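**Q** The numbering of the sequence shown is UniProt numbering, which starts it at 1 and goes up by one.
Quick one: this structure, given as structure tokens, is what I'll be asking you about.
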Amino acid sequence: MIRKNNTAVAAILLVVLFGTLVFIHEVRVREKAHQGIAVHADIVANALWNHNKEGVSQYLMLAAKLENYASVMVMDTRGNVFQKVSGISAGILDRFFSPLKLVPRQTLVSPVRYDDKIIGTLQAVWVCNTIYFDAILLVILVMVFVIFLLYTRVVNEKKMLENRVAHRTGELSELNKHLQKEIEEHKAAKQALEKSEERYRAYFEENIAGAYISTPLGRLIDCNRKYLDIFGFENKYQALNTPITDIYSRREERRQFLDTLVENRKVSAYETKFRKTDGSLIHLIENAAAVFDENGRLDHIRGFLLDVTEKHHLELQLLQTQKMESIGRLAGGIAHDFNNMLNVILGHADLALDKLDSSAPLYNHVQQIRNAATHSADITRQLLAFARKQTISPRVLDLNRTVEGMLTMLRRLLGEDIDLVWEPGDNPGAVQMDPSQIHQILANLCVNARDAIKDVGHITIKTQTKVFYEQEDSDLSGVIPGEFVRLRVTDDGCGMDQHTLDNLFDPFFTTKEVGKGTGLGLSTVYGIVKQNQGFIHVDSRPGKGATFDIFLPRYKDAVVTSKKESPENIPAGNGETILVVEDETAILELLQTMLEQLKYTVLAETSPQAALDLAKTCHGKIHLLITDVVMPEMNGRDLARQMTALYPKIRLLFMSGYTDNIIAGQAGEIPQTSFIQKPFSMQDIAGKVHDILTGS
Numbered sequence: 001m002i003r004k005n006n007t008a009v010a011a012i013l014l015v016v017l018f019g020t021l022v023f024i025h026e027v028r029v030r031e032k033a034h035q036g037i038a039v040h041a042d043i044v045a046n047a048l049w050n051h052n053k054e055g056v057s058q059y060l061m062l063a064a065k066l067e068n069y070a071s072v073m074v075m076d077t078r079g080n081v082f083q084k085v086s087g088i089s090a091g092i093l094d095r096f097f098s099p100l101k102l103v104p105r106q107t108l109v110s111p112v113r114y115d116d117k118i119i120g121t122l123q124a125v126w127v128c129n130t131i132y133f134d135a136i137l138l139v140i141l142v143m144v145f146v147i148f149l150l151y152t153r154v155v156n157e158k159k160m161l162e163n164r165v166a167h168r169t170g171e172l173s174e175l176n177k178h179l180q181k182e183i184e185e186h187k188a189a190k191q192a193l194e195k196s197e198e199r200y201r202a203y204f205e206e207n208i209a210g211a212y213i214s215t216p217l218g219r220l221i222d223c224n225r226k227y228l229d230i231f232g233f234e235n236k237y238q239a240l241n242t243p244i245t246d247i248y249s250r251r252e253e254r255r256q257f258l259d260t261l262v263e264n265r266k267v268s269a270y271e272t273k274f275r276k277t278d279g280s281l282i283h284l285i286e287n288a289a290a291v292f293d294e295n296g297r298l299d300h301i302r303g304f305l306l307d308v309t310e311k312h313h314l315e316l317q318l319l320q321t322q323k324m325e326s327i328g329r330l331a332g333g334i335a336h337d338f339n340n341m342l343n344v345i346l347g348h349a350d351l352a353l354d355k356l357d358s359s360a361p362l363y364n365h366v367q368q369i370r371n372a373a374t375h376s377a378d379i380t381r382q383l384l385a386f387a388r389k390q391t392i393s394p395r396v397l398d399l400n401r402t403v404e405g406m407l408t409m410l411r412r413l414l415g416e417d418i419d420l421v422w423e424p425g426d427n428p429g430a431v432q433m434d435p436s437q438i439h440q441i442l443a444n445l446c447v448n449a450r451d452a453i454k455d456v457g458h459i460t461i462k463t464q465t466k467v468f469y470e471q472e473d474s475d476l477s478g479v480i481p482g483e484f485v486r487l488r489v490t491d492d493g494c495g496m497d498q499h500t501l502d503n504l505f506d507p508f509f510t511t512k513e514v515g516k517g518t519g520l521g522l523s524t525v526y527g528i529v530k531q532n533q534g535f536i537h538v539d540s541r542p543g544k545g546a547t548f549d550i551f552l553p554r555y556k557d558a559v560v561t562s563k564k565e566s567p568e569n570i571p572a573g574n575g576e577t578i579l580v581v582e583d584e585t586a587i588l589e590l591l592q593t594m595l596e597q598l599k600y601t602v603l604a605e606t607s608p609q610a611a612l613d614l615a616k617t618c619h620g621k622i623h624l625l626i627t628d629v630v631m632p633e634m635n636g637r638d639l640a641r642q643m644t645a646l647y648p649k650i651r652l653l654f655m656s657g658y659t660d661n662i663i664a665g666q667a668g669e670i671p672q673t674s675f676i677q678k679p680f681s682m683q684d685i686a687g688k689v690h691d692i693l694t695g696s
């Protein structure tokens, strides 16, 4: 619409312009024509005055030609024609336009003056052919108009195109923005995907569990480094070429795993055994998820494997330790009561033997009773050793010298068919423990080795220093970092299977025939070693013999001492006063009788409070307090403290069949303290009391 209005306005302006130009041109042409006839009149005035017709004629012909006159003539004042000349003939266009009055003819008249006097008249018929100019002007204007129209059209189209281009540019700009945004979003999504893939790959590769992806048939698609480490694969190629079904310890477990996975779409905390590349079994916990395709078929499996072999071993060790401690507490409790009874039997047997002649008929019977009581006491000592409840007298011992001192006894114990080989290490060092415990360890291990050898064989005892470090990768279980002395006992007997090794240190476990073993030998060794902060390692296979490695903490600082030999004769007293406190009446009476026979003055009480009351009222000096450790009202340690307050120089002797750590570590707290283990013989108590009172 705007474009049409602009065209109409332009047309009107063109018409107005054309009319104006035509009008101006007509006026100017006519004015020029009138001016021209006057000029011509002035020119021919002289010729007319002089009657020069030829001059007038020539000039008029020239003027007619120049001024486009159809005819021109000069007349005198009387109206006579002086000279007349015809102009150019009319052209085709003039003849065509004349009837249409488009080429009008106008008579132009001008007086001829000579010296300001009119001497004639110049008259010309002027052909006004401005139509041609007008036509040309019209053509030009039309052309200009057309050009203008074309220009405006081009301009409009250009504007439209520019607008369209601008609009399209805007649209393209918006599209470009959207596209740029989509590109950025795509780039961000790609980066996020790459980061997610990187995180997933890092999570997959660096996971502490063995991660894997496999087909339902067990073909491995991918796995991480931990997976290779768990099973001992050298590289991923080897793992990818080993089906998962081949590393299960039993194929039935693989089938059970797949059934559970398909049914529940995942498996959590599935614990089972796998086999490493070296053939060894490991315990793993498997967590897996099933991935199904669009048809609902199991496509692949994603899983994680966590090695819990060490945890499994630790749980077994904890269970074993708890079992041993439970049995130890039971054994300690039994030993306490049993030792009291044995003390009565053994003590009265000693009293009876002391009064009987060796040729008396009852002497042998009483001796057998005493032997049986002594053997039973050995059993309770083994129970207490296993329970780690027996009271010991630790000494700093040179291990080589201690073992050498036992070789004669051990060879006599083993018999002639067994060759006992002693291979002492080069200065393995010292240990701090009771010498009797070394005796128990070697005696039990050697007897056990002897029984494992059917006929003729060898038993080897070795010593050596061994150091374990914090980060040491050791195959030994229960390793404690530090410096140890290793006592090794090796035999070439029948060896042991895995079942025997698993139950080796269980109390009362034995592979011997009924009546030939108590099952306490190795459990006693275990208890002694643990009591001395050591550990044991056993290596054995059926038909390959056995090796027992006892690791005991190496003692570095003290001078090695040796055990003092017991006197052969029973030492007697010199009337010293001894206060005996024992809640078991039978033991109290027995001990009173023994001490009185040994020439001591005895004060006997069954309760700690009665003993304190007696001590407060006693006018004489009490040289020694012998007290049971475990009593209902007050334990022996508390009694000793109160008694020491009354008699600062009194000496103390504790006795018990089961200490339960009541006096453990009290040597520095309560001075002049000694201990005797129930059951004890008359010679034992006589020697102990004599040593205490004499300070030897």
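Backbone N, C-alpha and C fix where the C-beta goes; we use that ideal spot for every residue, glycine too.
Here the structure is a predicted model, which is why all the values come from computation and not from measurement.
(1) Under a three-way DSSP split, which group does ARG554 fall into?
(2) Provide the residue span of the beta strand (DSSP E) that contains PRO428, from first to last.
(3) Would you decide whether ILE147 is buried or exposed? Buried here means 16 or more other CB atoms lie within 10 Å of its CB.
(4) CA-CA distance, PHE551 and ARG488?
(5) Drop a sphere of 10 angstroms on the beta-carbon of GLY19, count the other beta-carbons inside from all chains shown, and report buried for 16 or more, exposed for fewer.
(6) Would you mind working out which of LEU318, ASP491, GLN322, VAL525 sits nearest PHE505, comparing C-alpha positions?
(7) Taking the alpha-carbon positions, what's the TYR227 to GLU325 distance?
(8) With the cut-off set at 7 Å, would you say GLY232 and LYS276 are in Cβ contact?
(9) Under DSSP, the beta strand (DSSP E) around SER358 begins and ends at which residues?
(10) State yes or no: is the C-beta of LYS53 within less than 7 Å of the C-beta of GLN83?
(11) Could you please give me the residues that DSSP links to GLN592 through a beta bridge?
(12) Check whether the Cβ atoms of GLY573 and LEU598 lie closer than 7 Å to each other.
(13) Quick test of your reading: GLY657 and ASN339, contact by CB under 8 Å. State the CB separation rounded to the nearest angstrom.
(14) Taking VAL74 and VAL56 to be in contact with their CB atoms under 8 Å, please state how far apart those CB atoms are, rounded to whole angstroms.
(15) Here's a check: name, in chain order, each residue in its chain whose Cβ is nearer than 7 Å to the Cβ of SER86, leaving out the five neighbours to either side.
(16) Which residue comes first and which comes last in the beta strand (DSSP E) that contains LYS616?
(17) If you compare alpha carbons, which of TYR647, VAL366, ALA586 is closest to ILE578?
(18) Can you give me the Cβ contacts of ASP357 inside the same chain, cut-off strictly under 8 Å, excluding the 5 residues immediately before and after it?
(19) Excluding sequence positions up to five away, which residues of its chain have a Cβ less than 6 Å from the Cβ of HIS690?
(20) Go ahead and label PHE23 buried or exposed: buried means 16 or more other beta carbons lie within 10 angstroms of its beta carbon, across all protein chains shown.
(21) Answer with buried or exposed for MET433, where buried requires no fewer than 16 other C-beta atoms within 10 angstroms of its C-beta.
(22) What are the start and end residues of the alpha helix (DSSP H) that includes CYS446?
(23) As a quick exercise: from GLN58, LEU588, VAL44, TRP49, pick the residue whose alpha carbon is nearest that of VAL344.
(24) Which of helix, strand or coil does DSSP assign to THR245?
(25) Which two residues bound the contiguous beta strand (DSSP E) that contains ASN287?
(26) According to DSSP, is GLY55 part of a helix, a strand, or is it coil?
(27) On the CB-based measure, 16 or more other CB atoms within 10 Å of its CB, does ASP502 come out buried or exposed?
(28) Give me the residue from LYS678, THR617, GLY620 with the minimum Cα distance to residue 701.
(29) Determine contact between the stretch 23-43 and the stretch 148-167, defined as no fewer than three beta-carbon pairs at a distance below 8 Å.
(30) LYS466 to LEU442, Cα distance in whole Å?
(31) Taking the alpha carbon of PHE204 as the point to measure from, which residue in ILE334, ASN235, ALA192, LEU305 has its own alpha carbon closest?
(32) With DSSP as the reference, label LEU306 as helix, strand or coil.
**A** By the coordinates alone:
(1) Taking the first residue of the sequence shown as position 1, residue 554 is located at position 554. In this structure, ARG554 counts as coil in the three-state DSSP scheme.
(2) Walking along the sequence shown from the start, residue 428 turns up at place 428. That residue, PRO428, is in no beta strand (DSSP E); it is neither H nor E in DSSP.
(3) Position 147 of the sequence shown, counting from 1, holds the residue named residue 147. The residue is exposed, with fewer than 16 neighbouring Cβ atoms inside 10 Å.
(4) Position 551 of the sequence shown, counted from the start, is the residue given in the question as residue 551. Position 488 of the sequence shown, counted from the start, is the residue given in the question as residue 488. Using only the alpha carbons, I get a separation of about 9 Å.
(5) In the sequence shown, residue 19 corresponds to position 19, counting from 1. Classification of GLY19: exposed, given that the 10 Å Cβ count is below 16.
(6) Here the question's residue 505 lines up with position 505 in the sequence shown. That would be VAL525, whose Cα lies nearest to the Cα of PHE505.
(7) As a first step, residue 227 is located in the sequence shown; it is residue number 227 there, counting from the start. As a first step, residue 325 is located in the sequence shown; it is residue number 325 there, counting from the start. Spanning the two alpha carbons is a distance of roughly 38 Å.
(8) If you number the sequence shown from 1, residue 232 lands on position 232. If you number the sequence shown from 1, residue 276 lands on position 276. Contact: yes.
(9) Against the sequence shown, residue 358 aligns to sequence position 358. Here SER358 belongs to no beta strand (DSSP E), and DSSP marks it neither H nor E.
(10) Counting from 1 along the sequence shown, the entry for residue 53 is found at position 53. Counting from 1 along the sequence shown, the entry for residue 83 is found at position 83. The answer is yes: Cβ separation under 7 Å.
(11) Sequence index remark: in the sequence shown, residue 592 carries index 592 (1-based). Answer by DSSP bridge pairing: none, since GLN592 is not bridged.
(12) Sequence index remark: in the sequence shown, residue 573 carries index 573 (1-based). Sequence index remark: in the sequence shown, residue 598 carries index 598 (1-based). Going by C-beta atoms, GLY573 is nearer than 7 Å to LEU598.
(13) The residue labelled residue 657 in the question sits at position 657 within the sequence shown. The residue labelled residue 339 in the question sits at position 339 within the sequence shown. That belief holds up - the Cβ atoms of GLY657 and ASN339 are roughly 3 Å apart, short of 8 Å.
(14) Within the sequence shown, the letter at position 74 stands for residue 74. Within the sequence shown, the letter at position 56 stands for residue 56. Confirmed, about 6 Å.
(15) Counted from its first residue, the sequence shown places residue 86 at position 86. Here the set comprises SER71.
(16) Residue mapping note: residue 616 aligns to position 616 of the sequence shown, counting from 1. That residue, LYS616, is in no beta strand (DSSP E); its alpha helix (DSSP H) goes 608-617.
(17) Here residue 578 refers to the residue found at position 578 of the sequence shown. When only C-alpha atoms are compared, the closest one is TYR647.
(18) Taking the sequence shown and counting its residues from 1, the one referred to as residue 357 is at position 357. Within the same chain, ASP357 has close Cβ partners TYR363.
(19) Residue 690 sits at position 690 when you count from the first residue of the sequence shown. So the qualifying residues of the chain are PRO571.
(20) One-based indexing of the sequence shown puts residue 23 at position 23. With fewer than 16 Cβ atoms within 10 Å of its Cβ, PHE23 is classed as exposed.
(21) Taking the first residue of the sequence shown as position 1, residue 433 is located at position 433. Looking at its Cβ environment, which holds 16 or more other Cβ atoms inside 10 Å, MET433 is buried.
(22) Here residue 446 refers to the residue found at position 446 of the sequence shown. Run containing CYS446: 435-452, per the alpha helix (DSSP H) assignment.
(23) On the sequence shown, position 344 is the one that residue 344 refers to. Checked all of GLN58, LEU588, VAL44, TRP49; the closest Cα to VAL344 is LEU588.
(24) Residue 245 sits at position 245 when you count from the first residue of the sequence shown. Helix, per DSSP.
(25) One-based indexing of the sequence shown puts residue 287 at position 287. Its beta strand (DSSP E) spans residues 281-292.
(26) Within the sequence shown, numbered from 1, the residue matching residue 55 stands at position 55. Residue state, collapsed to three classes: helix.
(27) Looking up residue 502 in the sequence shown gives position 502. With fewer than 16 Cβ atoms within 10 Å of its Cβ, ASP502 is classed as exposed.
(28) With the chain covering only 1 through 696, there is no way to say anything about residue 701.
(29) no
(30) The residue you call residue 466 lines up with position 466 of the sequence shown. The residue you call residue 442 lines up with position 442 of the sequence shown. Roughly 19 Å separates the two Cα atoms.
(31) Taking the sequence shown and counting its residues from 1, one reaches residue 204 at position 204. Here the closest residue by C-alpha is LEU305.
(32) For the purposes of this step, residue 306 is identified with residue 306 of the sequence shown, where counting begins at 1. Here LEU306 sits in strand by DSSP.
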